[in-house]
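*Asks:*
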Amino acid sequence: MTTTETGAGAPSSPDTADVTDTTDATETADPAVIVTDHDRGIHGYHHQKQEHVKRLRRIEGQIRGLQRMVDEDVYCIDILTQVSASTKALQSFALQLLEEHLRHCVADAALKGGDEVDAKVKEATQAIARMLRT
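Mapping of the sequence shown onto the numbering used here: residues 40 to 173, in sequence order.
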C-alpha cells in the first residue's frame, strides 16, 4: 500500500486539522469581513452554467438554420419569422442572466455596503438600458 492510499483525505497530524479549523472559524466569526461567492470568482450564473450553455447552443442552431434558409432561398417572411424567434430566445436568455446578476452580484454588493452597491446598481441599470435599445 502506498503512502497516498493510506493518507488520502486524512490530516497528517492533529495540529494541522486544528489550524485549518481555526482559520475557517476566524473568517466566519469576524462580522466586519464578509466573503461572498462573488469574491471567490463565482458568478450568478455559475449554478446553472450547463443549462445556459445548452440554451446558447440551441440558439446557435437557430442562427445556423437562418444561414441555411438564406442559402436555400427560402421565402423572406419565413426567414423573418425565424429571426424573430432567435431574437426572442436571446432576449429571454439575457433577462434570465440579468435576474441572476441582480440576485447574486448586486445582492452580494448590498451585503458589503459602501460604494460597491452603487456601482453594481449603475452597472445593472446600464445593462438594462442596452437591452431596451435593441
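The C-beta atom is built at its ideal place from N, Cα and C for all residues, glycine as well.
Bear in mind the structure is a predicted one, so any value in this text is a computation, not a measurement.
#1: Going by alpha carbons, who is nearest to H86 out of A124, H143, L171?
#2: Once DSSP output is grouped into helix, strand and coil, what is the label at E162?
#3: Please list the terminal residues of the continuous alpha helix (DSSP H) segment that includes D110.
#4: Is DSSP giving V145 helix, strand or coil here?
#5: Would you mind working out which of E90, K161, I118 sits nearest R103, comparing C-alpha positions?
#6: For the alpha helix (DSSP H) containing V113, list its first residue and its last residue.
#7: By a C-beta neighbour count over all protein chains shown, 10 Å radius and 16 as the cutoff for buried, is K159 buried or exposed?
#8: Distance check for E99 and Q106, CA to CA, integer angstroms please.
#9: Taking only the alpha-carbon atoms, compute the straight-line gap between D154 and Y114 and give it to the nearest angstrom.
#10: Please state if the CB of A133 and the CB of M108 are separated by a distance shorter than 8 Å.
#11: Could you name the residues of the same chain whose beta carbon sits closer than 8 Å to that of T61, not counting the 5 residues immediately before and after it, in chain order?
*Replies:* In this structure, then:
#1: Sequence index remark: in the sequence shown, residue 86 carries index 47 (1-based). Ranked by Cα distance from H86, the options A124, H143, L171 are led by H143.
#2: Mapped onto the sequence shown, residue 162 falls at position 123. Here DSSP, grouped into helix, strand and coil, assigns E162 to helix.
#3: For the purposes of this step, residue 110 is identified with residue 71 of the sequence shown, where counting begins at 1. Residues 88-110.
#4: Start at 1 with the first residue of the sequence shown, and residue 145 comes out as number 106. When secondary structure is reduced to three states using DSSP, V145 falls in the helix class.
#5: For the purposes of this step, residue 103 is identified with residue 64 of the sequence shown, where counting begins at 1. Looking at the Cα atoms, I118 is the closest of the given residues.
#6: As a first step, residue 113 is located in the sequence shown; it is residue number 74 there, counting from the start. The continuous stretches of alpha helix (DSSP H) do not include V113, and DSSP gives it neither H nor E.
#7: Residue mapping note: residue 159 aligns to position 120 of the sequence shown, counting from 1. The residue in question, K159, is buried, as its Cβ has 16 or more Cβ neighbours within 10 Å.
#8: Taking the first residue of the sequence shown as position 1, residue 106 is located at position 67. Taking the first residue of the sequence shown as position 1, residue 99 is located at position 60. Rounded to the nearest angstrom, the two C-alpha atoms are 11 Å apart.
#9: As a first step, residue 154 must be located in the sequence shown, where it is residue number 115. As a first step, residue 114 must be located in the sequence shown, where it is residue number 75. Rounded to whole angstroms, D154 to Y114 spans 53 Å at the Cα level.
#10: Translated into positions along the sequence shown, residue 108 becomes position 69. Translated into positions along the sequence shown, residue 133 becomes position 94. Not closer than 8 Å, so no.
#11: As a working note, residue 61 is residue 22 in the sequence shown. Its pLDDT being 38, under 50, T61 is placed unreliably by the model, and nothing is read from it.
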